[in-house]
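Peer 1:
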Amino acid sequence: GPGSTKKFFVETDLLDYRLKNKILGLLDTGYTDESGIRELVQKSEEILKDTDMMKERTIIQKFFEEIAKNSLAVYGQKETEEAINIGKAREIILAEEIPWIVIKLYCEKCDKDFEIILKTEQEKEEFKSNCPDCQGNRTEIIEEIDYLDYMLEKANVIGAKLTIISSDTQEGEQFFKGFGGIGA
Numbered sequence: 768g769p770g771s772t773k774k775f776f777v778e779t780d781l782l783d784y785r786l787k788n789k790i791l792g793l794l795d796t797g798y799t800d801e802s803g804i805r806e807l808v809q810k811s812e813e814i815l816k817d818t819d820m821m822k823e824r825t826i827i828q829k830f831f832e833e834i835a836k837n838s839l840a841v842y843g844q845k846e847t848e849e850a851i852n853i854g855k856a857r858e859i860i861l862a863e864e865i866p867w868i869v870i871k872l873y874c875e876k877c878d879k880d881f882e883i884i885l886k887t888e889q890e891k892e893e894f895k896s897n898c899p900d901c902q903g904n905r906t907e908i909i910e911e912i913d914y915l916d917y918m919l920e921k922a923n924v925i926g927a928k929l930t931i932i933s934s935d936t937q938e939g940e941q942f943f944k945g946f947g948g949i950g951a
């Protein structure tokens, strides 16, 4: 809040010394509810510029600007993976809340490798390891990984940076809910 209680609290011995060392600064806010926390985050950008939260916020704001300009950003699974496959993604942004699983299969009959992305619990329960091309059942599951790890592998192949975004911030939540949590 706007009062001086916080300064008194920090300057006296009321606060444990281990916590005192972690205080980066004191800022006044006009509100004491959730909007006060947002105001505090905005006012503390300079103090917090090296924290992960501020880095994530900057990345998402830049992404939103590029989307608004309709220029250097894509979003959605198909569009993002397409940008990666043609090597046009410099930075891949994913929401940490994406619960998808990627199954890597090998079909003996076709002599091909396949990747199947399972997005829902129902898809995971109903998954059968048949070949997507020949529908044969002579397939072998090579690997089962989280979608985030799968995208990290793809990013490494093209030399792109992968950034995982939390939805704990307003921007992160907007990215997850409004853009599906996938962009580049």
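Residue numbers (our numbering): 768 to 951.
We treat Cβ as the ideally placed atom computed from N, Cα and C, and that holds for glycine.
1. From lysine 944 to glutamine 937, what distance separates their C-alpha atoms?
2. Going by beta carbon distance, what residues of the same chain come within less than 6 Å of isoleucine 865, once the five residues before and after it are set aside?
3. Name the DSSP beta bridge partners of phenylalanine 881, please?
4. Using DSSP with H/G/I as helix, E/B as strand and the rest coil, what is tyrosine 914?
5. Apart from the five residues just before and just after alanine 953, which ones in its own chain have a Cβ nearer than 8 Å to its Cβ?
6. Going straight from the alpha carbon of serine 811 to that of leucine 782, what length do you get?
7. Tell me whether glutamate 946 is buried or exposed, calling it buried when 16 or more other Cβ atoms sit within 10 Å of its Cβ.
8. Using 8 Å for Cβ pairs, my map puts leucine 872 next to isoleucine 931. What's the rounded Cβ distance?
9. Taking 8 Å as the threshold (C-beta atoms), are isoleucine 884 and tryptophan 867 in contact?
10. From which residue to which residue does the alpha helix (DSSP H) around glutamate 938 run?
11. What separation, rounded to the nearest whole angstrom, lies between the Cα atoms of glutamate 911 and glutamate 813?
12. Within the stretch 798-854, note down every full alpha helix (DSSP H) run reaching 4 residues or more, in order along the chain.
13. For isoleucine 826, which residues from the same chain have a beta carbon less than 6 Å from its beta carbon, with the 5 sequence-adjacent residues on both sides left out?
14. From the DSSP output, read off the bridge partner residues of alanine 856.
15. Glutamate 907 bridges to which residues according to DSSP?
Peer 2: According to the structure data:
1. As a working note, residue 944 is residue 177 in the sequence shown. As a working note, residue 937 is residue 170 in the sequence shown. If you take the alpha carbons of lysine 944 and glutamine 937, they lie about 11 Å apart.
2. Your numbering for residue 865 matches position 98 in the sequence shown. Here the set comprises Tyr914 and Gly948.
3. Position 114 of the sequence shown holds residue 881. According to DSSP, phenylalanine 881 bridges with Leu872.
4. Within the sequence shown, the letter at position 147 stands for residue 914. DSSP places tyrosine 914 in helix when its eight states are reduced to three.
5. Examination of residue 953 is not possible in this model, given that the chain is present from 768 through 951 alone.
6. Taking the first residue of the sequence shown as 1, we reach residue 811 at position 44. Taking the first residue of the sequence shown as 1, we reach residue 782 at position 15. The alpha-carbon atoms of serine 811 and leucine 782 are separated by roughly 21 Å.
7. As a first step, residue 946 must be located in the sequence shown, where it is residue number 179. The residue you asked about is not glutamate; residue 946 is phenylalanine in the sequence shown. Counting Cβ neighbours within 10 Å, phenylalanine 946 comes out buried, since at least 16 surround it.
8. Position 105 of the sequence shown, counted from the start, is the residue given in the question as residue 872. Position 164 of the sequence shown, counted from the start, is the residue given in the question as residue 931. Going by Cβ atoms, the distance from leucine 872 to isoleucine 931 rounds to 26 Å, so no, they are not a contact pair.
9. Translated into positions along the sequence shown, residue 867 becomes position 100. Translated into positions along the sequence shown, residue 884 becomes position 117. Result yes, Cβ atoms of tryptophan 867 and isoleucine 884 sit closer than 8 Å.
10. Within the sequence shown, residue 938 is the residue found at index 171, counting from 1. Unbroken alpha helix (DSSP H) run through glutamate 938: 937-946.
11. Looking up residue 911 in the sequence shown gives position 144. Looking up residue 813 in the sequence shown gives position 46. Going by the C-alpha atoms only, they are around 42 Å apart.
12. 801-810, 812-815, 819-836 and 844-852
13. Translated into positions along the sequence shown, residue 826 becomes position 59. Cβ neighbours of isoleucine 826 beyond the five flanking positions: Thr930.
14. As a position in the sequence shown, residue 856 is number 89, starting the count at 1. Note: alanine 856 sits in no beta bridge, so no partner.
15. Indexing the sequence shown from 1 puts residue 907 at position 140. Partner(s): Tyr873.
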